[in-house]
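Asker:
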Amino acid sequence: MAGFLPDSFIQRVLDETDVVSLIDSYIPLQKKGKDHWSLCPFCEDGNNPSFSVSSQKQFYYCFRCRASGNAIGFLMNYQSKDFLDAVETLAANAGLELPKKINSESFEKYKKIIDANVAAKEYFVSQISKNPKGKKINDYILNRGISAEVIEEFEIGFAPEGWTNLHDHFMNSNKKEFINDEVGLFKKSEKNKVYDGFRNRIIFPIKSKKGHVIGFGGRVIDDEMPKYLNSPENEVFKKGKELYGLHEVLKNNRSLKKVIVVEGYTDVLSLFSKNIKYAVATLGIATSKNHLEKLFSHVDEVIFCFDGDEAGMKAAESAMKICLPIIRDGKILKFLFLPNNEDPSSLLEKEGKEEFEKRIESSRVLSDYLFELVLNKYDDSIENKAAASKEFMSLISSMPGSNYKNILIQEFSKKVDIKLEEEVKVIPKRKQIKVSEEKEFDYELDKVTKSIVKTLIESPELSHLDELNFLMRSEEDFLSKFINFLRTKDKPTFPMILHAFEEQKTFLINLTEDKNLISPDAAKEYIIQAINFLKRNDKVKFQDKLRSKYLDGSMTEKEKIEFKKTLLENFDNLDESEIQILKEI
Ligand SMILES: [Zn+2]
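The numbers in the sequence shown follow my numbering, run straight up by one, and end at 702.
1. With 16 as the cutoff for other CB atoms within 10 Å, does K198 come out buried or exposed?
2. Please report the straight-line C-alpha distance between S506 and L450, rounded to a whole angstrom.
3. So which residues touch the region around ligand 1, with touch meaning a C-beta under 7 Å from any heavy atom?
4. Quick check: what's the CA-CA separation for T623 versus N407?
5. Got a sec, what are the start and stop residues for the alpha helix (DSSP H) N407 sits in?
6. Is it right to say E554 is buried, meaning 16 or more other beta carbons lie within 10 angstroms of its own, or is it exposed?
7. Buried or exposed: which applies to G719, given that a residue is buried once 16 or more other Cβ atoms fall within 10 Å of its Cβ?
8. Provide the residue(s) that pair with G274 in DSSP beta bridges, ordered along the chain.
9. Measuring only the C-alpha atoms, how far is L512 from Q147?
10. Please classify P343: is it buried, with 16 or more other beta-carbons within 10 angstroms of its beta-carbon, or exposed?
11. Whole angstroms is fine: what's the gap from T709's alpha carbon to Q173's?
12. Within the chosen definition, does the region 433-445 reach the region 222-242 through at least 3 CB pairs nearer than 8 Å?
13. Measuring straight from C-alpha to C-alpha, what distance separates L625 and L651?
14. By a C-beta neighbour count over all protein chains shown, 10 Å radius and 16 as the cutoff for buried, is E418 buried or exposed?
15. Who are C179's beta bridge partners in DSSP?
16. Which class does E418 belong to by DSSP, given the choice of helix, strand or coil?
17. With DSSP run on the structure shown, which of helix, strand or coil describes T673?
18. Quick check on DSSP: helix, strand or coil for H284?
19. According to DSSP, simplified to helix, strand and coil, what is A184?
20. Does the beta-carbon distance from G362 to A403 come in below 7 Å?
21. On the DSSP bridge assignment, give the partners of K149 in chain order.
22. Taking C-alpha atoms, which residue in I319, K226, K304 and H284 lies nearest to L259?
23. Can you tell me whether DSSP reads V397 as helix, strand or coil?
24. Straight-line CA distance for P609 to P577?
25. Quick one: what does DSSP say D132 is sitting in, helix, strand or coil?
26. Let me make sure I understand the geometry here. Which of S636, D152, L483 and K355 has the alpha-carbon closest to that of A433?
27. Could you tell me whether the Cβ atoms of I245 and F275 are closer together than 7 Å?
This is the structure:
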């Protein structure tokens, strides 16, 4: 994926991004010492913040689960974005335009799928006015309270009856290259005959946030099964990530405050037609964590709309369970239950916009819904109160620590008259995989060498000092590789270093956490002195080794000469026993 964008552009995006303010916009950070801290969003660190963000290194790191990375990595992990999406978000924040000429095989593939979808969309849209049945369908949609403007804005289309309409259209209009398996518009019979995937259906083009047509939803007109059909998933189209209508919602609202999530495509269209232009729908699947994260990256308030029947209640409960781990201070989740046998379009027809928006306003906040859900199952007996508390605590155990969570616990305590406290959880081993998978760096460096490595991380330009050659004993060892790496890179950043020395990651991070800073002005002088110290130290060690050899009588003639030489060089500092040895040799 990284091949999509030139490295220089990615570096530019990182240069323009401040990782502290980025992360702070999702998780409130507190400055302690030179770093910013918070509870870790990637593991359960109880009440003890393990998650640090360094402004200087433009890097985050969790001391508990060892999650780490730069701004791009944070968005990828925290918002489940893919690489390109993360870079795009940061580029947009920084006001940078994506480079136009992007060449790579995967990009070509991406473009081909989009182009094919656009061509198919144009065909489907044309059929809703040209095809006699398409016209009927248009009237049918209009009669259901969806406006002509909304049909146009969402580019609703029609796939005619018959097996090869789109296929033939592509064949006859020089678009043969779009007839292939990757795009997902066609299917193959057992006899290898290619036929249209969407037939005799109302077509809802599904667009990415940016408005690219990434797939289609097709709804049957007669009693055919299945009622809804979506394009198959591919590189471009992932059902669990996309939301129908999000592109239009963002396009229509400069300052978006809230989003309502409804069940079907037509619900979105009905709401838009009544000028409630902040509705989206999942693509025929249950709400996922990805969906909510995507929405929370645009708004602070999300309202889920469900039918008032049993199926709706169940869907609400499972949506809530999925969403709890993502709820943070400042984010509001609400639940709107419609009266039985009503959907948004039928209600809008009956009540109109204002009444419907009143319903949205007065929808239930998560806490009310959650309390009621649990308490309704139990009566007031002491036994039942205990059981209710247990169920409540287990439900919210998936929530990250936050003020909101604390308040939920307090409020529920009041309701059951039992003082509840969050249990301190034992961290399951699974969450720490990274620690055990990462091979620990077992190359023991002495304190002085470590401080040289640390100084070089902070002032990598000093890696060119000839003095450092002393540390580069064999090509294979860490120090040689490390110094060579710094010498060959232009302005290596800490994340780049960590990326190159994956095995030594923990060692390097621990090293830079050491508070003994050497000021950049003194760094050069410090390295030279430190190397001289190591050289001297080496000599002393060598001398000690020779002395013990001399004393136990295992010294060769050649070593004797060497020994004598070092003793003489160091004559002023010799003690009596050494002078004695010198005389004897
Ligand atoms: Zn962590």
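From the three backbone atoms N, C-alpha and C, an ideal C-beta is built for every residue, glycine too. Every value quoted in this text rests on a predicted model; they were computed, and no experiment measured them.
Answerer: To lay it out plainly:
1. A buried status is given to K198, since no fewer than 16 other beta-carbon atoms sit within 10 Å of its beta-carbon.
2. Roughly 22 Å separates the two Cα atoms.
3. Qualifying residues, in the order they occur: C157, F159, C160, D162, S167, F168, C179, R181, C182 and A184.
4. When rounded, the distance between both Cα atoms is 30 Å.
5. Boundaries of the alpha helix (DSSP H) harbouring N407: K406 to F413, taken from the DSSP string.
6. Confidence is the limiting factor: at E554 the pLDDT is only 37, short of 50, which leaves the residue's position unreliable and the question unanswerable from this model.
7. Here the chain has residues from 118 to 702 only, and residue 719 is not among them.
8. As a beta-bridge residue in DSSP terms, G274 pairs with I320.
9. When only Cα atoms are considered, L512 and Q147 end up about 28 Å apart.
10. By the C-beta density criterion, P343 is exposed, having fewer than 16 other C-beta atoms within 10 angstroms.
11. Since the first and last residues shown for the chain are 118 and 702, residue 709 lies out of range.
12. Judged by Cβ distances under 8 Å, the region 433-445 makes no contact with the region 222-242, as fewer than three pairs qualify.
13. The alpha-carbon atoms of L625 and L651 are separated by roughly 21 Å.
14. The residue is buried, with at least 16 neighbouring Cβ atoms inside 10 Å.
15. In DSSP, C179 forms a bridge with F168.
16. Looking at E418 - three-state DSSP - the assignment turns out to be strand.
17. T673: coil per DSSP, three-state reduction.
18. Looking at H284 - three-state DSSP - the assignment turns out to be helix.
19. Note: A184 maps to coil in three-state DSSP.
20. Not closer than 7 Å, so no.
21. Answer is D152, bridged to K149.
22. Selected option, being the one with the closest Cα: I319.
23. DSSP, read as helix, strand or coil, puts V397 in strand.
24. In a straight line, the C-alpha of P609 is about 7 Å away from that of P577.
25. Correct three-state label for D132: helix.
26. Ranking S636, D152, L483 and K355 by Cα distance to A433 puts L483 first.
27. By the CB criterion at 7 Å, I245 and F275 fall inside the cutoff.
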